[in-house]
Amino acid sequence: MTRPLKVGIAGLGTVGASVIRILERRNETVAQRGGRPVEVAAVSARDRSKDRGVDVSRFTWFDDPVDLARSADVDCVVELVGGADGTALEVVRTALMQGKHVVTANKALLAKHGLDLAQLAEDKGGSIAFEASVAGGIPIIKTLREALPGNRVSRLYGILNGTCNYILSRMELEGLTFQECLKDAQRLGYAEADPTFDVEGFDTAHKLAILTSLAFGTRIDAEAIYVEGISSITPLDLAMAKELGFRIKLLGVAERTETGIEQRVHPTMVPKSSSIAQVMGVTNAITIDADAVRELTLIGPGAGGDATASAVVADIADVAAGLVQPLFGKSVDQLEGAPRAPMQRHEGGYYIRLTVHDRPGVAAGVATRMAEADISLESILQKRSELAATQDPHGRSGAPVSLVLITYAATEASIRSALEKISGDGLIAEPPQVIRIERD
Numbered sequence: 025m026t027r028p029l030k031v032g033i034a035g036l037g038t039v040g041a042s043v044i045r046i047l048e049r050r051n052e053t054v055a056q057r058g059g060r061p062v063e064v065a066a067v068s069a070r071d072r073s074k075d076r077g078v079d080v081s082r083f084t085w086f087d088d089p090v091d092l093a094r095s096a097d098v099d100c101v102v103e104l105v106g107g108a109d110g111t112a113l114e115v116v117r118t119a120l121m122q123g124k125h126v127v128t129a130n131k132a133l134l135a136k137h138g139l140d141l142a143q144l145a146e147d148k149g150g151s152i153a154f155e156a157s158v159a160g161g162i163p164i165i166k167t168l169r170e171a172l173p174g175n176r177v178s179r180l181y182g183i184l185n186g187t188c189n190y191i192l193s194r195m196e197l198e199g200l201t202f203q204e205c206l207k208d209a210q211r212l213g214y215a216e217a218d219p220t221f222d223v224e225g226f227d228t229a230h231k232l233a234i235l236t237s238l239a240f241g242t243r244i245d246a247e248a249i250y251v252e253g254i255s256s257i258t259p260l261d262l263a264m265a266k267e268l269g270f271r272i273k274l275l276g277v278a279e280r281t282e283t284g285i286e287q288r289v290h291p292t293m294v295p296k297s298s299s300i301a302q303v304m305g306v307t308n309a310i311t312i313d314a315d316a317v318r319e320l321t322l323i324g325p326g327a328g329g330d331a332t333a334s335a336v337v338a339d340i341a342d343v344a345a346g347l348v349q350p351l352f353g354k355s356v357d358q359l360e361g362a363p364r365a366p367m368q369r370h371e372g373g374y375y376i377r378l379t380v381h382d383r384p385g386v387a388a389g390v391a392t393r394m395a396e397a398d399i400s401l402e403s404i405l406q407k408r409s410e411l412a413a414t415q416d417p418h419g420r421s422g423a424p425v426s427l428v429l430i431t432y433a434a435t436e437a438s439i440r441s442a443l444e445k446i447s448g449d450g451l452i453a454e455p456p457q458v459i460r461i462e463r464d
């Protein structure tokens, strides 16, 4: 009989418990896929007595997950501890040092230590599988690493955080504020008690760093990513986007440019006709632009115990079958050190909402500063104050009003320069809202 692959699971949260259930339910199919049986041999978690909905008493228990990683009875370590450093890093390093295989859902760990861990795996004869680290149940890692060798990827962008997509969807559909939607997301379990990692874009940035390396064959470089979150988005911005034919999504974007690989995470206006604009709620989506397939969009559950566990089990089956590959599709010494494309050189369309004083000459002053910066305006729209019609026969109240500009392609540097001068002229009453536009 073929020797089974003995798996040790470090971390028994929602995902870890779901992995055990799926392996039990689909044991025969996983064995067929992997060419040999898969057995959970050991587990580790903080609380041994906690009810997880699965019976863990039949497995060898380790209080210390690092001891699990050292165990001679474990061939493949599934790291579900989480975190970029500390225990998670020690577990993975310990397993790799002994030539074992690792399966992980830990995007923060890979974004920070991916190159070192990849080198360690190569040196010791182990491997790291990480499908679950990005976009939950969507097989984006396999798609980039295995399905597109005949393509040259030019751009990759996507909705990589379900919490942010849920909040923006609710804000748009129900006219709610960011804070109202965030509280509801926390109540439903979509957002953490401290939501900063999600809503300020850092979770998306970690995932984007991994996808960029796979898509472009470059050394992972999370520090090169420009990051903005969604906390500044207002119902007015969403309403204006709708009026202009757009939706606002938090996107992670990686793109080849003349100056290097551009990596950015920020709220983005996308045409309502685009595939990615249709993705609402906690769902994730990634679009790949490449020369042969042209445009490929993958949509599915980006989080949740079963969806993420599905990706973990797929990786376990690959390990059982011996289908191990270099972490980023190439050996570390073959990865390119692509030059960073400065955000100031980013070029594209912009939505700019200015809160201006409702008085003569303001719009002209704004337009002049834009022209001086060589920025062409596609449209300009003023939302009048409700007081204007009653307090001034010419429709001006003096109260702050919103002036919305849509630009043709312009550089980030020119936009920022023009806005700095407009602010210095005393034309605006509040900091400007700037949202980049991602065209099809």
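Numbering (the numbering used here), first residue to last: 25 to 464.
Glycine included, each C-beta is placed from N, C-alpha and C at the ideal position.
From a predicted model like this one, the values you see are computed outputs, not experimental measurements.
Leaving aside the five residues that flank L92 on each side, the residues in its chain whose CB is nearer than 6 Å to its CB run, in chain order, G32, A34, A66, S68, F86. Looking at the DSSP output, I183 shares a beta bridge with A309.
Rounded to the nearest whole angstrom, the CA to CA distance from G199 to P259 is 6 Å.
If the five residues before and after V43 are omitted, its C-beta is found closer than 7 Å to the C-beta atoms of I33, V102, A333, V336, V337, all from its own chain and listed in chain order. Taking the Cα positions, T38 is about 45 Å away from I439. In this chain, L238 is not harboured by any beta strand (DSSP E); it is covered by the alpha helix (DSSP H) spanning 226-240. CA-CA distance, K445 to K124, rounds to 58 Å. Shown here for G59: same chain residues with a beta carbon closer than 6 Å to its own, the five before and five after excluded, namely A345 in chain order.
Spanning the alpha carbons of T281 and I323 requires a straight line of approximately 26 Å. Within the same chain, Cβ atoms closer than 7 Å to the Cβ of T128 are found at E103, V116, I152, F154, S157, the five residues on either side in sequence being excluded.
At the C-beta level, T379 and P291 stay beyond 9 Å of one another.
Residue environment: P219 is assigned as buried (16 or more neighbouring CB atoms within 10 Å of its CB, all protein chains considered). Non-local C-beta neighbours of T435 in its own chain, meaning closer than 8 Å and more than five positions away in sequence, comprise Q368, R369, H370, E371, ordered along the chain. In this structure, I300 sits near V294, with a CB-CB distance shorter than 9 Å. For L120, the three-state secondary structure derived from DSSP is helix. Contiguous alpha helix (DSSP H) elements confined to the stretch 45-77 occur at 51-58, taking only those with 4 or more residues. Under the three-state reduction of DSSP output, I244 falls in the coil class, being neither helix nor strand.
Here V289 is not near L29, since their CB atoms are 9 Å or more apart. Taken in chain order, the stretch 323-377 contains no complete beta strand (DSSP E) segment of 3 residues or longer.
Proximity to L268 across K296, L275, K131 peaks at K296, based on C-alpha coordinates.
Taking one beta carbon from each stretch, the stretch 191-211 and the stretch 246-253 have fewer than 3 pairs nearer than 8 Å; the two do not touch.
DSSP places K148 in the helix class (H, G or I) of the three-state scheme.
In this structure, the alpha-carbon of E402 lies about 33 Å from that of A233. Between I404 and L429, the beta carbon gap of about 5 Å places them in contact (Cβ cut-off 8 Å). Taking the C-beta atoms as reference points, V223 is found no nearer than 9 Å to G186.
The alpha-carbon of I310 is positioned some 30 Å away from that of A55. For Q287, the enclosing beta strand (DSSP E) has its first and last residue at 284-295. Straight-line spacing of the CA atoms in F240 and G361 works out to 10 Å. In the three-state reduction of the DSSP assignment, A142 falls in the helix class, which pools H, G and I. For T392, the three-state secondary structure derived from DSSP is helix.
Excluding its 5 nearest sequence neighbours in each direction, D315 has C-beta neighbours in its own chain below 8 Å: N175, R176, S178, listed in chain order.
Judged by DSSP in its simplified three-state form, A433 adopts coil rather than helix or strand.
For V458, the enclosing beta strand (DSSP E) begins and ends at 457-461. Across the structure, D339 and A41 are spaced so that their CA atoms are roughly 16 Å apart. Counting only residues of its own chain and dropping the five nearest sequence neighbours on each side, Y190 has a CB closer than 6 Å to the CB of A209, Y214, G305, V306. Looking only at L192, V356, L206, the smallest Cα-Cα distance to S237 is reached by V356.
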